[in-house]
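In this note's numbering, the protein residues as written are 1 to 208.
Glycine is no exception: its CB is placed at the ideal position from the N, C-alpha and C atoms.
Being a predicted model, the structure only gives us computed values, none of them experimental.
The next block holds one structure in the form of structure tokens; read it before the comments.
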């Protein structure tokens, strides 16, 4: 926005000196009329650009954290909370745990453990959520966010402990991807929990 405003200012100064440096009155009047007729266009360009910048800022989110209160733990990667006066379901970004409550799917190994660990992590804690720069809702209407309990990111804890895998990576919601991938590499190298069973973790989920 500042850059565009500077360009406009240079253009107007150029026109000003062109007018003052031109020889005839008729020429000066023509240039002045040209400047006058183009000012609305320039203003429009500035306005449009400002609007676009504003929209990007709104959709890009921020690192601000929003306080929520726990309603219930659904499973290892999903919570129900009160957010801005409404009950919302939150699906933790960039993370997946074995299924324990999915209809038509048998309870998978380490699913109950992941769910119980989630309960331990959030119980009686101050919870906050942080949105990334992309979509804030998935196709099921769930909020997509990083979740913190007393300032500690749940995604990182569960991945570090080998109870979750890095998953559902959809740019631009990748703010902490490298950090979580590092935590996963450590858990995998130490063969923790889900990584203790050869072939259990796949790129599409978990093999029961």
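Where residue i falls: helix, strand or coil (DSSP)
i           : result
residue 201 : strand
residue 86  : strand
residue 42  : With a pLDDT of only 39 at residue 42, under the threshold of 50, the placement of this residue in the model should not be trusted; the figure read from the coordinates follows. Looking at residue 42 - three-state DSSP - the assignment turns out to be helix.
residue 91  : strand
residue 101 : coil
Straight-line Cα distance separating residue j from residue i
i           : j           : result
residue 63  : residue 198 : 37 Å
residue 161 : residue 204 : 20 Å
residue 95  : residue 124 : 23 Å
residue 113 : residue 163 : 8 Å
residue 156 : residue 193 : 15 Å
residue 80  : residue 187 : 27 Å
residue 66  : residue 108 : 32 Å
residue 128 : residue 69  : 8 Å
residue 106 : residue 207 : 11 Å
residue 130 : residue 102 : 25 Å
residue 183 : residue 154 : 12 Å
residue 180 : residue 110 : 19 Å
residue 177 : residue 148 : 16 Å
residue 158 : residue 126 : 18 Å
One or two residues paired with residue i in a DSSP bridge
i           : result
residue 75  : 78
residue 129 : 66 and 147
residue 206 : 201
residue 165 : 96
residue 173 : Beta-bridge pairing links residue 173 to no other residue.
residue 137 : 143
Host alpha helix (DSSP H) of residue i (start-end)
i           : result
residue 107 : First-last for residue 107: undefined, no H or E at that position.
residue 193 : Neither: residue 193 is in no alpha helix (DSSP H) and is coded neither H nor E.
residue 156 : 154 to 160
Distance cut-off 7 Å: residue i Cβ against heavy atoms of the ligand NAP
i           : result
residue 159 : This structure lacks the ligand NAP, and indeed carries no ligand of any kind.
Q) Is it true that the stretch 165 to 182 meets the stretch 129 to 142, where meeting means three or more beta-carbon pairs spaced less than 8 Å apart? A) yes
Q: Would you check if there are 3 or more beta carbon pairs closer than 8 Å linking the stretch 138 to 146 to the stretch 88 to 102?
A: yes
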